[in-house]
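Some notes on the structure that comes next.
In the working numbering, the protein residues as written are 1407 to 1828.
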């Protein structure tokens, strides 16, 4: 649980006060330089001691406003940060300690922000009490505290805004008193220009005071409005994330719940012990079963290995026999192919010879066709001769002569044909 360290003095030294003191000294060091003599800044800030006080308070208020304004970016970034995990329904009060541990792991600048402190204080209430009873009232109380703190943070600014006009009027009165003191009624007439000059410079203090008051009032309006907007955003975040997050139990049944929780824890412990023993027994049985499975698997692997070896041998023998058969078939096919090629070669040779014979026969037929024309012509002549011979009754001699002529022609016709056939 986060317990912030308590200090006897919350802010023993205000950083804005120290910076304002240094800045005031530097300002008047510059203003009192010879080059600044007679300037408006010199005339309005150095005429009277009251003006020194007003300027010092104004610088202090400005540094306080700037100091608070510089803290706003951290608060805005802290509001955009995911502080808590999404909730799933109502959670037990014991979950507040877990959430506090998660917040404790955040960076220091987040834990030091307003939203970080508000979350821690809201969760510590549930964690310390062990219940979410009166949680709404506590959240409203924290919101009121932050609102009061936001108002109290600008006490210095309100003080400067309220005291500056009073100091201005005081400086004016002091100037009037200084201008009119030490003069008699007769001297007033003679020293009237000097008195009017003093009275005119008296209103410079009022002008400086009113300017300071208006500036601080406007700065107060801007910064306080921004801080209250941040505080209201924190209120909405707390209401959304924590208001209905935890279970609300009646305080009267808390002892019964404690006893029930103790009994539940004892039952859970006993169940865990029994479950551990049962798991151990199951583990032993499973180890024995796995050993049997391993032995059986080894035996089956050996059997499968022997069967695979025998099958491999059979396959090798079958492959060898098939290789011999294939070689024999290939030899037979080669022999038959050689025989077939020889027959084809012989057929080709015969075809070539037949081609030559057909060519000779064709030529002989052509010659015969030409000789047949001659034979027809000769036959017609012979017919004429026979008719003449018949007429001349010398047929017998003519027949013998014709027969001899035919034999001669036939012999002559055969001799060229035989030569061409050869």
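Beta carbons are placed, not taken as given, at the ideal position from N, Cα and C, and that holds for glycine.
Residue i - containing alpha helix (DSSP H), residue span
i            : result
residue 1479 : 1455 to 1486
residue 1551 : 1541 to 1558
residue 1497 : First-last for residue 1497: undefined, no H or E at that position.
residue 1422 : 1421 to 1437
residue 1535 : 1520 to 1535
residue 1855 : The shown model of the chain, from 1407 to 1828, leaves out residue 1855, and the question about it has no answer.
residue 1516 : 1514 to 1517
Identity of the residue in the options nearest residue i by Cα
i            : options                   : result
residue 1462 : 1513, 1420 and 1570       : 1570
residue 1517 : 1548, 1483, 1645 and 1536 : 1483
residue 1471 : 1568, 1578 and 1623       : 1623
residue 1645 : 1453, 1543 and 1558       : 1543
residue 1435 : 1452, 1420 and 1561       : 1452
residue 1785 : 1772, 1809 and 1770       : 1809
residue 1838 : 1504, 1711, 1625 and 1742 : The question about residue 1838 has no answer here: the residues shown for the chain are numbered 1407 through 1828.
Contact under 9 Å by Cβ, residue i with residue j
i            : j            : result
residue 1575 : residue 1615 : yes
residue 1499 : residue 1538 : yes
residue 1467 : residue 1563 : yes
residue 1521 : residue 1489 : yes
residue 1830 : residue 1546 : Nothing can be reported for residue 1830: it is not among the residues displayed for the chain, which extend from 1407 to 1828.
residue 1568 : residue 1457 : no
residue 1437 : residue 1448 : yes
residue 1469 : residue 1432 : no
residue 1635 : residue 1566 : no
residue 1480 : residue 1650 : no
residue 1464 : residue 1621 : yes
residue 1647 : residue 1485 : no
residue 1502 : residue 1532 : yes
residue 1492 : residue 1508 : no
Through-space distance from residue j to residue i, alpha-carbon basis
i            : j            : result
residue 1515 : residue 1523 : 11 Å
residue 1816 : residue 1759 : 28 Å
residue 1407 : residue 1423 : Any reading at residue 1407 must be qualified, since the residue scores a pLDDT of 40, below 50, and its modelled position is unreliable; no value is offered.
residue 1628 : residue 1666 : 56 Å
residue 1716 : residue 1723 : 11 Å
residue 1750 : residue 1757 : 10 Å
residue 1696 : residue 1675 : 31 Å
residue 1677 : residue 1556 : 55 Å
residue 1519 : residue 1683 : 52 Å
residue 1811 : residue 1771 : 23 Å
residue 1573 : residue 1638 : 36 Å
residue 1409 : residue 1534 : In this predicted model, residue 1409 has a pLDDT of only 42, less than 50, meaning its place in the structure is not dependable; the value taken from the coordinates is given anyway. Straight-line Cα distance between these residues: approximately 12 Å.
residue 1642 : residue 1549 : 10 Å
residue 1444 : residue 1513 : 53 Å
Those residues which DSSP pairs with residue i across a bridge
i            : result
residue 1652 : 1497
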